[in-house]
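Presented below is the structure to which this report refers.
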Amino acid sequence: MKSVVAQWRKQKKDVFLLGKKGKIITWTKIMVSPPKFQAFTPYLVVLVELENKERVYGQLVDLDDKDPKINQNVIAVLRKTASVGSNDLIEYGVKFMPF
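Take 4 as the starting number for the sequence shown in the numbering used here and just add one per residue.
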């Protein structure tokens, strides 16, 4: 089980990304993933350039089985990031969705 304190510290960094807008620079589709992410497979990972020119990467959600487009507008949102057992801490983190 992941430490609650470790998860809290990680999320303190994530909060600064929430609501930030950017454009997709590049993307890839993950077809084979580690056990922690199998519930989300296949999934898209994007490199995003934010409005302040900072580049970050993350999972792309809510695209309805279409391929993303380079320069497509996205926004950072909070979503569940891993499948967990019934006794585990539910992990949330930043993902990107089109807008």
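We put the beta carbon where it would ideally sit given N, CA and C, even for glycine.
Coarse secondary structure for residue i, derived from DSSP in three states
i, result
"Q41", "helix"
"K69", "coil"
"K56", "coil"
Other residues of its chain near residue i: CB distance less than 7 Å, five sequence neighbours each side excluded
i, result
"T84", "E94, Y95, G96"
"P71", "I27, W30, L47, V49, L63"
Other residues of its chain near residue i: CB distance less than 6 Å, five sequence neighbours each side excluded
i, result
"T29", "L50"
heavy atom of the ligand GDP below 7 Å from residue i C-beta
i, result
"L21", "No copy of the ligand GDP appears in this structure; indeed no ligand is present at all."
First and last residue of the uninterrupted beta strand (DSSP E) at residue i
i, result
"K23", "Careful: K23 lies outside any beta strand (DSSP E) and carries neither H nor E."
"I93", "Note, I93: premise wrong, no beta strand (DSSP E); not H, not E."
"A79", "76-83"
Sequence-distant residues of its chain with Cβ nearer than 8 Å to residue i (five each side left out)
i, result
"N74", "K26, I27"
"L3", "Look at the range of the chain in this structure, 4 to 102, and you will see that residue 3 is not part of it."
Beta-bridge partners of residue i, as assigned by DSSP
i, result
"L63", "L47, F99"
"K16", "Answer is none; K16 lacks a bridge partner."
For the structure I just gave you, are there three or more beta carbon pairs, one from the segment 19-28 and one from the segment 40-55, closer than 8 Å? With a cut-off of 8 Å on Cβ pairs, the segment 19-28 is in contact with the segment 40-55, counting three or more such pairs.
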